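Structure first, commentary second.
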Amino acid sequence: MCGIFGAVSLNGKPLRHPDCLHAMAATLAHRGPDGERIVGHESAQLGARRLAIMDLTTGDQPFQSPDGAIWMVCNGEIYNAR
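Here it is in structure tokens:
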């Protein structure tokens, strides 16, 4: 099972401790030893530790829209994706 984590500044100001996401990732390393990725901007960040079972080459998460405006993380499988 993978590890999912994130932080959001509810007042829109920059996160006070953005480095805490790396500490969260390290804490969850046992949940996903096959990869780590963190995306975001100064007031919100989302990350995942990956346990690679399927789609070993292109399944890194969080997924990001081409323009970077939307992020998504999913612990599961998506069937019939187009």
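Quick note on the numbering used here: the sequence shown kicks off at 18 and runs consecutively.
Every residue gets a Cβ at the ideal spot worked out from N, C-alpha and C, and that includes glycine.
Predicted model, so just to flag it, every value in this text is computed and none were measured.
For this session: Assign methionine 89 to one of three DSSP states: helix, strand, or coil.
Result: As a position in the sequence shown, residue 89 is number 72, starting the count at 1. The answer is strand: DSSP assigns methionine 89 an E or B state.
For this session: Return the first residue and the last residue of the beta strand (DSSP E) that histidine 58 is part of.
Result: Looking up residue 58 in the sequence shown gives position 41. Here the beta strand (DSSP E) through histidine 58 covers 52-58.
Problem set entry | Between the CA atoms of aspartate 36 and cysteine 19 - distance to the nearest angstrom | Residue mapping note: residue 19 aligns to position 2 of the sequence shown, counting from 1. Residue mapping note: residue 36 aligns to position 19 of the sequence shown, counting from 1. Rounded to the nearest whole angstrom, the CA to CA distance from cysteine 19 to aspartate 36 is 20 Å.
Exercise. For glutamate 38, which of helix, strand or coil comes out of DSSP?
Worked result: In the sequence shown, the residue the question calls residue 38 occupies position 21. The sequence given here places leucine at residue 38; glutamate does not occur at that position. Note: leucine 38 maps to helix in three-state DSSP.
Exercise. Is there contact here, the segment 67-84 with the segment 26-46, by at least three beta-carbon pairs under 8 Å?
Worked result: Verdict: no, contact absent.
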